[in-house]
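S.K.: Start counting at 1 in the sequence shown, then tack on 384, and there's your number in the working numbering.
Structure below; questions to follow.
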Amino acid sequence: MAELDERTGRLTLKLVYYGPAMSGKTTNLGALHELVAPELKGDMMVLETRNDRTLFFDLFPMGFATSGGLLIQLKLYTVPGQVEHDSTRKAVLSRADGVAFIADSRSNQSYTNLESFENLAANAGRVGLDFDKLPLVVQFNKRDLPNILSEDEVQQRWQNTPWWPVVFASALQHQGVMETLDLLLQRVYPALDEEFSLVKTHQLSREAFVSGLLGQ
Ligand SMILES: Nc1nc2c(ncn2[C@@H]2O[C@H](COP(=O)(O)OP(=O)(O)O)[C@@H](O)[C@H]2O)c(=O)[nH]1
Ligand SMILES: [Mg+2]
Numbered sequence: 385m386a387e388l389d390e391r392t393g394r395l396t397l398k399l400v401y402y403g404p405a406m407s408g409k410t411t412n413l414g415a416l417h418e419l420v421a422p423e424l425k426g427d428m429m430v431l432e433t434r435n436d437r438t439l440f441f442d443l444f445p446m447g448f449a450t451s452g453g454l455l456i457q458l459k460l461y462t463v464p465g466q467v468e469h470d471s472t473r474k475a476v477l478s479r480a481d482g483v484a485f486i487a488d489s490r491s492n493q494s495y496t497n498l499e500s501f502e503n504l505a506a507n508a509g510r511v512g513l514d515f516d517k518l519p520l521v522v523q524f525n526k527r528d529l530p531n532i533l534s535e536d537e538v539q540q541r542w543q544n545t546p547w548w549p550v551v552f553a554s555a556l557q558h559q560g561v562m563e564t565l566d567l568l569l570q571r572v573y574p575a576l577d578e579e580f581s582l583v584k585t586h587q588l589s590r591e592a593f594v595s596g597l598l599g600q
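Okay, here's the thing in structure tokens:
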């Protein structure tokens, strides 16, 4: 849950990149670190990785100052995907304002994607997030590889109810990465506006919120 520190005028929010091991969560954050240009961009921390696998989490902090004087701080996290790291996933997911679910498009990864998605829904409940209301974007990554599900197959399997936007991406080639974050920020904004009265009190529209964070 986002928090507003009235004294410093700092609004901090948290987005989590969730998904199975090796689906490209860390690669997404790395690409974003190169692509986005908000005023306040921190170093990306890749913590305790071994053999390409995140054992703890990665963190990329960024933010911008609004014309109304509010400081928006966004923290992007990844979770470790391997089944055995469930307690870390719960800790990282706790108090998230939104989730980007990164799936691997290869057809032999369908079960792994589903298993991880079910784990996300279960863990959301365990950490007190209402999964039906959680802002969520699903990304099908690795579109550059052979033996992937077609876009139609993905749409048929994933665009049922409730509805989530699906983005096709190749994080390695920096494609679809900005679009995923953009869509997620669009979906996160209404709850923030409702809770912190961003438009009325802070003159911060959805467009300014998204473009400030993407640095556009
Ligand atoms: N071909 C291809 N490989 C990718 C893509 N995204 C990530 N990878 C590779 O998949 C492996 C796992 O990526 P990583 O970001 O560490 O996965 P994570 O476990 O979800 O954080 C690495 O070898 C990446 O280079 C992509 O879009 N296309
Ligand atoms: Mg990783």
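Just so it is clear, CB atoms sit at the ideal spot from N, CA and C, and this is done for glycine as well.
Since the model is a prediction, treat every value here as computed from it, not as a measurement.
#1: Of the residues Ser581, His586 and Ala487, which one's Cα is nearest the Cα of Gly453?
#2: Can you determine whether any heavy atom of ligand 2 sits closer than 6 Å to the C-beta of Lys409, and answer yes or no?
#3: Beta-carbon separation of Val522 and Trp548 under 7 Å?
#4: Looking at Ala622 and ligand 1, is the gap between the Cβ and the nearest heavy atom below 6 Å?
#5: What whole-angstrom Cβ distance do Arg527 and Ala553 have, given they're in contact under 8 Å?
#6: What's the gap between the Cα of Lys409 and the Cα of Val583?
#7: Suppose you measure from the CA of Asp516 to the CA of Leu568; what does that come to, to the nearest Å?
#8: Specify, as a first and last residue, the run of the beta strand (DSSP E) that Ala480 falls within.
#9: Within the continuous alpha helix (DSSP H) that includes Gln539, where are the two ends?
#10: Would you check whether ligand 4 has a heavy atom nearer than 6 Å to the C-beta of Gly452?
#11: Expressed to the nearest angstrom, what Euclidean distance is found between the alpha-carbon atoms of Thr411 and Ala555?
#12: Of the residues Asp488, Leu504 and Met562, which one's Cα is nearest the Cα of Pro530?
#13: How would you label Tyr495, buried or exposed, when you count the other beta carbons within 10 angstroms and need 16 or more for buried?
#14: Any chance you could list the beta strand (DSSP E) runs of at least 3 consecutive residues sitting entirely within the stretch 491-524, in chain order?
#15: Sorted by chain position, which residues of the same chain lie with C-beta nearer than 6 Å to Glu423's C-beta, five sequence neighbours on each side aside?
#16: Just to check my reading of the structure: Leu388 and Leu395 have Cβ atoms closer than 8 Å, yes? What is that Cβ distance to the nearest angstrom?
#17: Consider the C-beta atom of Leu588 and the heavy atoms of ligand 1; say whether any pair is separated by less than 6 Å.
M.R.: The answer reads as follows:
#1: His586
#2: yes
#3: yes
#4: In the structure as shown, the chain begins at 385 and stops at 600. Residue 622 is therefore absent and cannot be evaluated.
#5: 6 Å
#6: 32 Å
#7: 15 Å
#8: Neither: Ala480 is in no beta strand (DSSP E) and is coded neither H nor E.
#9: Glu535 to Trp542
#10: The model depicted lacks ligand 4 and carries ligand 1 and ligand 2 instead.
#11: 6 Å
#12: Asp488
#13: exposed
#14: none
#15: Phe448
#16: 5 Å
#17: no
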